[in-house]
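Residue numbers (the numbering used here): 332 to 734.
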């Protein structure tokens, strides 16, 4: 015997207005045979106005009534002013780069419903340097250092409470600081017969890392928010192999083995010291079966890894596509199958002394698509030509973010 109940109707609405202003100026002054000095300025002013309303149903009046506890009008303003100076030069087989960027940022979070304002200004400096040795078309050894920034989003900062149910809430943290990433790398690159192989080691130190933080109160309420962890260090090795194997086969394969170490204080009664290891891998292959027939396969895998308050399960994805050209390459038919093994999704476990949660999420990613293309006039398939040119130069993986 089961008890039945009628669902409680509710409705919600969201109005959002974004205003962006970007101003940028760059100057390049060459010197010597291959040297240049670069300088520039960039200003970014953003404003996001989000008015979110939730309405609950009142059975007495048979109408929807605004639920003020689950509604909020949030305005986020950010002003970033930055300038940079960079020196590049190449002398024989030795190249170097030195640079510095400085910025000031101010952001203002406003909750109009409660008349609350939160200001969070900061100033940042980003030095960078690199030194390379070796003939560019044969092999190179490169050492580099750079500093980067990851800013909190409006979702991270919005302090309004979102009530999911009677036992769970989510709220942002308007006092979040940006996280800074110091990256040191040592890479060896080798080029031959259209193939490039890059082997490298890296060390990343993340200060004030922004992370999702979930905890429970003694009253049984589960709260999800965001905090700055003290420090996270990552180190590992990675490889990238890309290029052509003969005239018909192209390949890009990469792998990364890493260790993460996290240190945080003030989030729980005891300081958090946590370490985990894992690896990622990706492969993309293209086979020119004939001048008019092409097949491409892509696969990705991320290993399971431990979290400071739980564990994340593995994730994998794959796709395959076929392309056939007709009418002197003017007309083409492409068939693409996404997530061919139906594995796209992820699962995780989180826990503390008051709660345990296990979650599985599956994406609707197993999709087949059919594309028809016809090129008029003298248009050509530039995507393939650009890919060939990139691969033959051995730079196919330069802008690929493994993580």
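Ideal Cβ positions, reconstructed from N, Cα and C, are used throughout, including at glycine. Model, not experiment: these values are computed from the prediction.
Tell me whether residue 486 sits in a helix, a strand or coil according to DSSP, three-state version.
-> Residue 486 falls in the helix class under three-state DSSP.
For residue 699, is the classification buried or exposed, using 16 other Cβ atoms within 10 angstroms of its Cβ as the cut-off for buried?
-> Exposed, by the Cβ-count rule.
Are residue 538 and residue 569 closer than 8 angstroms when you measure CB to CB?
-> No. Outside cutoff.
Simplified DSSP assignment, three categories, for residue 674 = In the structure shown, residue 674 sits in coil (DSSP, three-state: anything other than H, G, I, E or B).
Are there 16 or more other CB atoms within 10 angstroms of the CB of residue 714, so buried, or fewer, so exposed?
-> Residue placement at residue 714 is flagged as unreliable, the pLDDT there being 43, under the threshold of 50; the coordinate-derived value follows with that caveat. By the 16-neighbour rule on beta-carbons within 10 angstroms, residue 714 is exposed.
Can the beta-carbon of residue 627 be found closer than 8 angstroms to that of residue 648?
-> The criterion of a C-beta distance shorter than 8 angstroms is not satisfied by residue 627 and residue 648.
In three-state terms, what does DSSP make of residue 399?
-> In this structure, residue 399 counts as helix in the three-state DSSP scheme.
Reducing DSSP to helix, strand and coil, say where residue 478 ends up.
-> Reduced to three states, the DSSP call for residue 478 is strand.
Outcome for residue 352 when other beta-carbon atoms lying within 10 angstroms are tallied against a minimum of 16 = Residue 352 is exposed by the Cβ-count criterion.
Does the distance from the CB of residue 404 to the CB of residue 444 come in under 8 angstroms?
-> Yes. Within cutoff.
Residue interval of the beta strand (DSSP E) (run including residue 376) = That run of the beta strand (DSSP E) goes 366-389.
Does the distance from the CB of residue 377 to the CB of residue 387 come in under 8 angstroms?
-> Residue 377 places its beta carbon 8 angstroms or farther from that of residue 387.
What residues in its chain sit with their C-beta under 7 angstroms from that of residue 720, if we drop five residues either side in the sequence?
-> Any reading at residue 720 is ruled out, since the residue's pLDDT is 37, under 50, leaving its predicted position unreliable.
Backbone CA spacing between residue 712 and residue 439 [nearest angstrom] = With a pLDDT of 49 at residue 712, under the threshold of 50, the modelled position of this residue cannot be trusted, and the question is left open.
So residue 428 is in the beta strand (DSSP E); what residue range does that whole segment cover?
-> Residues 425-442.
Cα separation between residue 364 and residue 419?
-> Each residue's alpha carbon lies about 11 angstroms from the other.
Which whole-angstrom value describes the C-beta separation of residue 533 and residue 515, a residue pair presumed to lie in contact below a C-beta threshold of 8 angstroms?
-> Yes, residue 533 and residue 515 are in contact; Cβ-Cβ is about 7 angstroms, under 8 angstroms.
Identity of the residues DSSP links to residue 361 by a beta bridge = Residue 361 pairs with 367.
Can you tell me whether DSSP reads residue 578 as helix, strand or coil?
-> Here residue 578 sits in coil by DSSP.
Is DSSP giving residue 451 helix, strand or coil here?
-> Residue state, collapsed to three classes: coil.
Just the C-alpha distance for residue 457 and residue 432, rounded to the nearest angstrom, thanks.
-> Their Cα atoms are separated by approximately 5 angstroms.
Counting pairs of Cβ atoms below 8 angstroms between the segment 365-376 and the segment 410-419, do you hit three or more?
-> Using a Cβ-Cβ distance cut-off of 8 angstroms, the segment 365-376 and the segment 410-419 are in contact, since at least three pairs of beta carbons, one from each stretch, lie closer than that value.
Out of curiosity, what's the CA-to-CA distance linking residue 578 and residue 526?
-> A direct Cα-Cα distance of roughly 12 angstroms separates residue 578 from residue 526.
Use the C-beta contact count for residue 602: other C-beta atoms within 10 angstroms, 16 or more gives buried, fewer gives exposed.
-> Residue environment analysis places residue 602 among the exposed positions, since fewer than 16 neighbouring C-beta atoms fall within 10 angstroms of its C-beta.
Going by DSSP, name the residue or residues bridged to residue 605.
-> Paired residue(s): 593.
Beta-carbon proximity list for residue 657, same chain, < 8 angstroms, skipping 5 on both sides = In the same chain as residue 657, and ignoring 5 residues on each side of it, the C-beta atoms closer than 8 angstroms to its own belong to 623, 663 and 664, in chain order.
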